[in-house]
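Those sequence lines, one after another, are chains A and B. Going by my numbering, the first sequence opens with residue 147, and the numbers climb by one from there. Going by my numbering, the second sequence opens with residue 147, and the numbers climb by one from there. Using N, Cα and C, we set each Cβ at its ideal position, and we do this for glycine too.
Protein chains: 2
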Amino acid sequence: MRPTVHDIAAAAGVSLATVDRVLNQRPGVRHVTREKVEKAIREIGYVRDVAAANLAKGRTYPLVFILPASDNSFMHGLNDEVRAAVARSPVERTDIRTLEVPAFDPTALVRVLDELGKERPSGIALVATDAPEVRDAVDRLVQDGIPVVTLVSDLTGSQRHHYAGVDNIAAGRTAARLLGRFLGGATGEIAVLAGSMLVRDHRERLEGFASVMAAEFPLLSILPVIEGRDDPEMAHMLVADALSKKSGIIGVYSLGAGNRGLIRALKEKAVDRSLTVIAHELTTHTRAALLDGTIDAILNQDAGHEVRSAIRVLKAKADGLAVIEAQERIRLDIFLKDNLP
Amino acid sequence: MRPTVHDIAAAAGVSLATVDRVLNQRPGVRHVTREKVEKAIREIGYVRDVAAANLAKGRTYPLVFILPASDNSFMHGLNDEVRAAVARSPVERTDIRTLEVPAFDPTALVRVLDELGKERPSGIALVATDAPEVRDAVDRLVQDGIPVVTLVSDLTGSQRHHYAGVDNIAAGRTAARLLGRFLGGATGEIAVLAGSMLVRDHRERLEGFASVMAAEFPLLSILPVIEGRDDPEMAHMLVADALSKKSGIIGVYSLGAGNRGLIRALKEKAVDRSLTVIAHELTTHTRAALLDGTIDAILNQDAGHEVRSAIRVLKAKADGLAVIEAQERIRLDIFLKDNLP
DNA sequence: CCAAATCTGATGTACGTAAATCAAAATCTA
DNA sequence: TAGATTTTGATTTACGTACATCAGATTTGG
Chain A
147 MRPTVHDIAA AAGVSLATVD RVLNQRPGVR HVTREKVEKA IREIGYVRDV AAANLAKGRT
207 YPLVFILPAS DNSFMHGLND EVRAAVARSP VERTDIRTLE VPAFDPTALV RVLDELGKER
267 PSGIALVATD APEVRDAVDR LVQDGIPVVT LVSDLTGSQR HHYAGVDNIA AGRTAARLLG
327 RFLGGATGEI AVLAGSMLVR DHRERLEGFA SVMAAEFPLL SILPVIEGRD DPEMAHMLVA
387 DALSKKSGII GVYSLGAGNR GLIRALKEKA VDRSLTVIAH ELTTHTRAAL LDGTIDAILN
447 QDAGHEVRSA IRVLKAKADG LAVIEAQERI RLDIFLKDNL P
Chain B
147 MRPTVHDIAA AAGVSLATVD RVLNQRPGVR HVTREKVEKA IREIGYVRDV AAANLAKGRT
207 YPLVFILPAS DNSFMHGLND EVRAAVARSP VERTDIRTLE VPAFDPTALV RVLDELGKER
267 PSGIALVATD APEVRDAVDR LVQDGIPVVT LVSDLTGSQR HHYAGVDNIA AGRTAARLLG
327 RFLGGATGEI AVLAGSMLVR DHRERLEGFA SVMAAEFPLL SILPVIEGRD DPEMAHMLVA
387 DALSKKSGII GVYSLGAGNR GLIRALKEKA VDRSLTVIAH ELTTHTRAAL LDGTIDAILN
447 QDAGHEVRSA IRVLKAKADG LAVIEAQERI RLDIFLKDNL P
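Here it is in structure tokens:
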């Protein structure tokens, strides 16, 4: 049987009340007594029954998700997953609130973060815009003892407790190798479509992509990055233009969102050119394009996993508990037309 | 505030005791009263607080994992993950026991399953040997109300509640497409190394592999399958032999275990031949081979995820609760040298 | 050594549910 | 309608922890 507070009391030769004072760091315990109790805790291997503790406390975990107000499929999917988590709230004892902030706007994000500092929720998950002032705001929260995890996009040099997202450098490298291998030993140009170089995940993907390309596929040259602002219309225009002008393009790497526009451009301008195309994020549009052969591979991050992981980590940090590291690692999913879920 | 049993009692106009009788399907409640209570439960949207219920019951979940006594890295890894779950037992209220049975031995497996039927654990997870008598034994357990999940390898036509493993047909198809694409438009022969055609996962991988190869890569022909019994020594001998005799081999698909032997054979016989190689299961050996270029891609199933998923599902089934489907889907991981964890 | 301050023990209630007991009420049977 | 039977209510204890209160013990300062 698992040891309880009574066992600690017996082992340490003190009363239940004293054990409670030590466990919940309440005042009024002499130093030596405290040590005696802590020793007993270690020796009998006591671990607090979190379920019982939460029951007694009537505890819930007020959590806040800060998401960018972006109108693309990926962010919509992320939003859906947060809503699904809200639906599970009663069972998981969470109390989740979602805040929308303008995308790519550090100032707005900082303002929201600073306000949350006063409110002191049990935990905060945010899709970070990678700017020094955001990093400082997050670090203030962390210093204040509020658990913070970054979601999807990380925050350079910050003290955030955890990052629930994929390794984007690895994603870029993987895309490069897949593209390089799929193209056999061909010579030609590669077009790269990004959202914005202001977000860290896109920068990192590009960095990984370029480094593997340079090192291992010297016959393929990367054209200047097209920035489509994750917007389908803009992406369509820019990609169509590039395809018209550059006849040497034999491959495309789309590392951001807005793939709806990319796919349309490909169908209009390149049906006959048999391009090899790799894109990020599995959505209804990219899925259809993968199945009909317009896209050759999709790299994906599972938004549901990211949200669930963020919640688990925030709850664990709020209770000062350990997490199962391997469970919280967000994988880079690679989908070909054969292994779609 | 979330509704409690007291709220049901008030809403239905009955006593707490009656509510308890209905909730825990105890006898002694008239049909009309039962209906009245059930209606109230639905109307106020009551959901049992599982944590509180488990606390009151002092409940633990006795679970049994049945694993084959195979001496390969994958099964060792699976074993490690079960042990890790045992270490978490106090927190998760599980009480996990592992049983080893001879591999590929339906009779032994049936004997063990039948005995567990008497013992009535809260749930059973097994790596199934795909045979009718095993299926029948599992179905008896299910009929008896014992939750059963298959792990890694599924059981054809059985009533098991869940399968915690990858879609092996999709895995084979994916391997075929990767291999076909990596080989560009080359012409040649593909060697396939399997463990045994007696286990369903290997059969399915081959099936998926062969179908995509035939349909989409007609220039590549599949050689007769080499069965290495998941044994490194045997695999080494057979593969080395094949490489010596067949000079037309340009690709290898290893769909089972025993990759240690395969890798040794490749290094001895094929350093100069630049074969394209795809293997299953990420182990220290395959990881090293991927990094040094001997292997081009590894398809993997995450044993840790499989074990944790099996436990979650068994617990949920034991309590009659729903699971988060997406969370329990075991993905096919594709590793290139760039996205290794 | 006494009073004041500090520390410790004993005890009770609460969280939401399970499970048991016993009494009372309702229903059924003859 | 009496008596047996079934159904329902009321109440209590328990699970492991949190938290509060008050009394008693020990330590500290002067």
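Looking at residue i: is its Cβ nearer than 7 angstroms to the Cβ of residue j?
i        : j        : result
ALA202/B : GLU246/B : no
ALA322/B : VAL358/B : yes
ALA416/B : ALA337/B : no
GLU379/B : GLY407/B : yes
THR244/A : VAL228/A : yes
PHE211/A : ALA271/A : yes
ALA425/A : ASN405/A : yes
ARG180/B : GLY174/B : no
GLY269/B : LEU460/B : yes
GLU373/A : ALA332/A : no
THR275/B : LEU255/B : yes
ALA472/A : ASN218/A : no
THR164/A : ASP484/B : no
LEU478/A : ALA317/A : yes
ILE190/A : ALA156/A : no
Please classify residue i: is it buried, with 16 or more other beta-carbons within 10 angstroms of its beta-carbon, or exposed?
i        : result
ARG172/B : exposed
PRO293/A : buried
HIS177/A : exposed
HIS307/A : buried
GLY450/A : buried
ASN170/B : exposed
GLU350/B : buried
MET221/A : buried
HIS152/B : exposed
ARG454/A : buried
GLU427/A : buried
LEU162/A : exposed
ASP282/A : exposed
GLU452/B : buried
GLY303/B : exposed
GLU474/B : buried
SER299/A : buried
With 7 angstroms set as the bound, which would you pick, yes or no: does the beta-carbon of residue i sit closer than that to a beta-carbon of chain A?
i        : result
ILE480/B : yes
ASN485/B : yes
ARG349/B : no
PHE328/B : yes
ARG148/B : yes
PRO370/B : no
Measure from the C-beta of residue i to each C-beta in chain B and report whether the shortest distance is under 7 angstroms.
i        : result
ARG194/A : no
ALA340/A : no
THR440/A : no
PHE220/A : no
ALA462/A : no
ARG323/A : yes
ALA316/A : yes
THR206/A : no
LEU201/A : yes
ALA472/A : yes
Measuring only the C-alpha atoms, how far is residue i from residue j?
i        : j        : result
ILE395/B : GLN305/B : 42 angstroms
PHE328/A : ASP313/A : 22 angstroms
PRO149/B : ALA186/B : 11 angstroms
ILE444/B : ILE480/B : 6 angstroms
ASP418/A : LEU325/A : 19 angstroms
GLY354/A : ASP438/A : 28 angstroms
THR440/A : ASP442/B : 24 angstroms
LEU412/A : GLY334/A : 17 angstroms
GLU362/A : VAL423/B : 18 angstroms
ILE457/B : TYR309/B : 12 angstroms
VAL237/A : LEU366/B : 53 angstroms
LEU344/B : ASP290/B : 28 angstroms
HIS491/B : LEU467/B : Residue 491/B lies beyond the residue range present for chain B, which begins at 147 and ends at 487; the question has no answer from this structure.
THR430/B : THR253/B : 33 angstroms
Under the assumption that residue i contacts residue j (Cβ atoms under 8 angstroms), give the Cβ distance between them as a whole number of angstroms.
i        : j        : result
VAL280/B : LEU301/B : 6 angstroms
GLU414/A : ALA386/A : 6 angstroms
LEU213/A : LEU224/A : 6 angstroms
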